[in-house]
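Report on one structure; see the data block that follows.
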Amino acid sequence: MAIKELKTKKVSTKVGTKTTKTPKVPKVSSKKLTHSTSGGKKEESKVVLRIRIRAYESKILDASVKQIIDTAMRYDAEIVGPVPLPTEIKKYTVNRASFIYKNTREQFEIRVHKRLIDIINPNPKTVEALTNLS
1 MAIKELKTKK VSTKVGTKTT KTPKVPKVSS KKLTHSTSGG KKEESKVVLR IRIRAYESKI
61 LDASVKQIID TAMRYDAEIV GPVPLPTEIK KYTVNRASFI YKNTREQFEI RVHKRLIDII
121 NPNPKTVEAL TNLS
């Protein structure tokens, strides 16, 4: 897609005025866009369904990920993952005693485990099956 016309626009600054050329942007339809690679082939853009799952316990998280992957594989979807993301650790420090024993403290932590699953070019049946999971 070549840009044919250039609009000129005057921009005033403190130093002076200068003329810049801004390209006129064409409107793009809502169809799938294609782009050419270095080999000259045209490829369709991919639609990616990205699922991020968070849980406090890793066993429950892994069971949920397995259920999602089994459901997507049943409908012949292309899957990337599960990719383990960094575990988020929140630490809270509290006093053990209320007044005199200030140096005695206790620490609690909450760990949030995360996983990422990408489903590439999902069909409507796959999306419907994933939304009906419980």
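The numbers in UniProt numbering rise by one with no breaks, and the one at position 63 of the sequence shown is 63.
Think of the CB as a built atom: it goes at the ideal place given N, C-alpha and C, for glycine as much as any other residue.
Note that this is a predicted model, so its numbers are computed, not measured.
Query                                                                                                                                                         : Result
Take Leu116 and list the residues in its own chain whose beta-carbon comes closer than 6 Å to its own, dropping the five residues that flank it on each side. : Arg52, Gly81, Val83 and Leu85
Is the segment 57-68 touching the segment 105-121 in the sense that three or more CB pairs, one from each, lie closer than 8 Å?                               : yes
What residues are listed by DSSP as bridge partners for Gln107?                                                                                               : Thr93
On the DSSP letters alone, give me the boundaries of the beta strand (DSSP E) that Ile53 sits inside.                                                         : Val48 to Ala55
Taking the alpha carbon of Ala97 as the reference point, which residue from Lys91, Glu106 and Lys90 has its own alpha carbon closest?                         : Glu106
Measuring straight from C-alpha to C-alpha, what distance separates Lys59 and Asp70?                                                                          : 17 Å
In the DSSP assignment, find the unbroken alpha helix (DSSP H) run with Ile68 in it and report its ends.                                                      : Ser58 to Arg74
CB-CB under 6 Å to Val48, same chain, minus the five flanking residues each way: which ones, in chain order?                                                  : Asp118 and Ile120
How is the alpha helix (DSSP H) around Ala129 delimited, first residue to last?                                                                               : Pro124 to Thr131
Using a 10 Å radius around the Cβ and a threshold of 16 neighbouring Cβ atoms, would you call Pro124 buried or exposed?                                       : exposed
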